[in-house]
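The opening residue of the sequence shown carries number 1 in UniProt numbering; numbering runs sequentially from there.
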Amino acid sequence: MKFARYLEETQVPEWKKAYIDYRGLKKRITAIRKAKENRPASPIIDSQIVTTHSAAAGDLQPAASPTSFGDFKDEVMIQHEVMPDALDSPIEIPSPVAICGRTRFENSPCDSSSTHGEVDPSTTQARSFSHPPIHETEMTQRPEHPRVNTLNIGILPRLRRRSIARAPGSLRRTNRGRWELARSTSVSWDMEKNIPMMELLPALNTVQKAFFEKLDAQLDKVETFYVGREKEMKTRVNTLKIQLQELKDHRRLYHEAQQHSSWLPIKIPLIHNTAPLSASRTPSISNPRKRRRYKADDSTSPKGKESYNDSRVDVNKQLEEDVEHLTNGESSGESGTAKRVKGRQRNGNMNTNGQLDLQLKYDPEDYYQAKKKLKKAVLECYRGLEILNNYRTLNLIGFRKALKKFEKVAKIPAQQAYTVEKIEPNAFASSAVVQGMLKELENLYAARFTHGDKKRAVQRLRGGIDHRNHHFGTFRSGLFLGLAIPALVDGLYLSFQPDTREAIPAWDGLLFVYSIFLVPVVFALLVGLNLQVWAASRINYVFIFELDLRTKLDHREYYEMPAFLFSTLCYAFWLSFARIGSHTVSPTIWPLLWLLLAALYVINPLPLSFKASRWWLVRNVGRLLTSGTHRVEFTDFWMGDQFCSLVFTLSNLYFVACAYSGGLDVDWQRCTSKNQHWGVPFVLAALPLLVRTVQSIKRWFDSRLITHLINGGKYATGILYYLFYFNWRHQGGADRGGSFVVWCLFGTLYSVYAAAWDLLMDWSLLRPHVNPLLLRPELLYRNVVPVYYFAIITNVLIRFIWIFYIPEKGPDFLIRTFIAGMLEALRRWQWNFFRLENEHLGNVDQYRVTREVPLPYSFDDAVLDSDDEDERKSQSNRPWRKAQKARANGEDEDSSDQTQHD
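As structure tokens, then:
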């Protein structure tokens, strides 16, 4: 595989702009090769004619008009240019002469009496070219008129017209005395010799220098980007060290509290810990971290160091030393705890008796949530370091391959000198820093999360994508779809037969029930196409949706689940209208059996059919129902938008329950929106819009960006639209009074509002003064640009699909709702392509490749001056931390503190 293609397939899509421009460097090398080939291979014919008939060096004579092809083919035109190299012997080039019937020179003499057009020697004036190179003033003057036609001469290549001069130095003499074009006139370099770049660069021509200018620019770009990312990762690793040390202290306190309240299965009671702090006592309060370090140093022995448990203690000891260095960057006699106690005294947190009154309301769930967050944060940090190391490696390979190709084409030994002098001094040339941080995180993860088992820690941290074979999954998906199509076609055919409709009185209601279930299943199949296009376009949907790399589904695997549901739905449809087993099973029962099968399939706890992915779906649907209580991620509001386009199915769930509660019979339309309980379908239809409104408010509360409130206003308008829509439906749908006008007003407002937001915000299209017109400068689907315009038009039209409900004549109203529901699902499927594209481009602009995991422990530091009140007061916002500091006052300095592992 070519490296350019390999680079495109393995690079991080979000960092694409920061990688080496390998294709650009190859273009420079191609220009060098063409310049090298074109100089000898494309000589330009001048108005001077030289023959190569004579074997002697000085016998070049003006050519006569040829009478045969043999005489004609040995003519060559020499053009004026400064000679790059000296010839072995001088070449005599005659002055312009007239050749009868061939030349275009005016007033040129021609001996018409000569049969072969011999030229009068008196009209010929030869010049000699010898070393050193000749100047233009010594060259024969060009004639006023154009030269003769270009000729294909013997062994010489086909000559082309050019307006640039060509040196006669490109001629060389063969062993038989014939003159021909030289293959190369460039300087020959010793490829085994290492030439410094200071000596090499001045000897290069313009095209070769352009290559190194491009190479230097790429080197600066890569180095600048790498240094910035490396600095960020150092900060993250240091922060995680402090957080993990806090987790260890938290765990120790958690277990101490759990021992005192072991009879409680869930909650830990309040812990009251007050300790007197006098002036003489305060300076002697030592930091628990320092005590642990001191005791660990005293308790080490040669035998203990060899044991497995002591090795785990060493990891914790190193962590404590690192954290101590990070948190107490200054050498001071007072510990950090003593400083914090003094800070509390100055802030009035001490009571009048000099006692620290702290109360801790302890919840074990708090510890487990902190542990979960930190585990995820370490995994993300480790993944970021792996990506950075991969970035470094790919760029090093790119520079090496580019220099190697340059050497091969230009025959100039530059790779070793450039690598030593310019590449190796850069930070990205060495992996020591990144590898050190990777090893450090492996030790931390082993100490805190795998009971010191480093092998298991490394396996978990490096657990990337499992390259599985998709042949059987693809076969199963195709099998399900292939079996479903015949059942669907035959079921539709049977549903229109008179005997079927006579045997099933509620056949139209049964069709409507199947249409309710069909829309989400077809939509789920279409999402597979979204995944396929995203993967082909290098859109990192795995990162955008925060999928687990170990369990994420490829699009070929994803198809298997919706294909199974679609196939079973089609066979349930066929069984209903084929009336198979109708004596024992009613045809109207099959939809309910399929619904039960689908529910069991999705929530099946057994490790079958991609359990992790199914439960990911269940968890995210559950998060929608608890919106407003947690941070809103992209997956949350994307999932909410998907359900906003499934309003047809959601609102008709009440119809299914109502129809089957009394038996699906000819009177099934009593359960449509015309009944008195029209509020229930409205609530179900407005539920996803309400969820999105709450999410928008939560996002505004967290970020204070007004755009989230504007987005929330769009969904609030949608809720009002559905309110007036169901109210108008309840009144019969034929009313053209006030309810109809209000519904149309809010329908227009919501459609314009939503369509504008789709195009301007979700897709970032309709940009002025860009190419392509009214789109945006950066497009990922550039090979199908007309699709953007098609999507703009269809998105706006489907947003106004409610107009389809207004005419009194036409298809039945329920059929219209099914058509509108299917079109809305197709619009959302189309929306997904461009929404993910826009999100990916946002990540590319910010070079974002890892998730920002909120850390559990936060510290509010304020600077106090003690002579100048310059001491630092560090106070945790976690109540358990306060209790730990209070406990430290009563603990003995020499008490042993054993390290515990989770």
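Just so you know, even glycine gets a beta-carbon here, dropped at the ideal spot from N, CA and C.
Cα separation between residue i and residue j?
| i | j | result |
| --- | --- | --- |
| A524 | V621 | 15 Å |
| A685 | Y722 | 7 Å |
| G733 | F496 | 28 Å |
| V522 | P505 | 27 Å |
| R251 | R623 | 28 Å |
| V787 | V222 | 35 Å |
| D508 | D665 | 10 Å |
| Y514 | A754 | 29 Å |
| W743 | F724 | 5 Å |
| P13 | N795 | 28 Å |
| Y226 | H471 | 39 Å |
| V785 | I195 | 50 Å |
| F746 | H840 | 33 Å |
| Q245 | F449 | 13 Å |
| Q435 | I387 | 12 Å |
| L617 | K34 | 57 Å |
| K408 | L780 | 35 Å |
| A563 | P364 | 43 Å |
| F790 | N530 | 17 Å |
| S627 | V691 | 6 Å |
| H584 | N843 | First, the residue type needs correcting, since residue 584 is Thr and not His in the sequence shown. Near 58 Å, if we compare the C-alpha coordinates of N843 and T584. |
| P605 | I803 | 45 Å |
By the three-class DSSP mapping on this structure, what secondary structure does residue i have?
| i | result |
| --- | --- |
| I242 | helix |
| P856 | coil |
| Y722 | helix |
| N675 | coil |
| M639 | helix |
| V521 | helix |
| N469 | coil |
| E407 | helix |
| E824 | helix |
| E9 | helix |
| K16 | helix |
| Y601 | helix |
| R23 | helix |
| P202 | helix |
| M191 | coil |
| N652 | coil |
| P688 | helix |
| W763 | coil |
| residue 921 | Because the chain here runs from 1 to 902, residue 921 falls outside it and cannot be looked at. |
Can you tell which of the options has the C-alpha that lies nearest to the C-alpha of residue i?
| i | options | result |
| --- | --- | --- |
| V680 | N652, D667, D665 | N652 |
| D762 | P786, F834, L814, K248 | F834 |
| T463 | A414, N443, G738, Y382 | Inspection of the sequence shows that residue 463 is occupied by Gly rather than by Thr. When each option's Cα is compared against that of G463, the closest is Y382. |
| P688 | G737, F564, C644, E232 | C644 |
| F543 | K26, Y805, R848 | R848 |
| L570 | F637, G482, L526, H583 | It should be pointed out that residue 570 corresponds to Cys in this sequence rather than to Leu. It is G482 whose Cα lies nearest to the Cα of C570. |
| F224 | L597, R704, N426 | The sequence shown places Thr at residue 224, not Phe. Answer by Cα proximity: N426. |
| F480 | H255, W534, K27, L565 | L565 |
| R468 | S430, H555, L492 | H555 |
| V683 | V694, I719, Q695 | I719 |
| Q241 | L606, M437, A536, N675 | The sequence given here has Lys at residue 241, not Gln. Comparing Cα-Cα distances from K241 to each of L606, M437, A536, N675, the minimum goes to M437. |
| M639 | K439, T239, E546, R799 | E546 |
| L204 | L593, E778, K411, Y805 | K411 |
| Y391 | P486, E380, Y493, R229 | R229 |
Suppose contacts are defined by Cβ-Cβ distances below 8 Å. Is residue i in contact with residue j by that definition?
| i | j | result |
| --- | --- | --- |
| K714 | V632 | no |
| L855 | A377 | yes |
| I516 | V656 | yes |
| L773 | L765 | no |
| L200 | A457 | no |
| Y418 | L403 | yes |
| A612 | W590 | no |
| S477 | Y541 | no |
| A4 | K26 | yes |
| W831 | D758 | yes |
| L592 | Y660 | yes |
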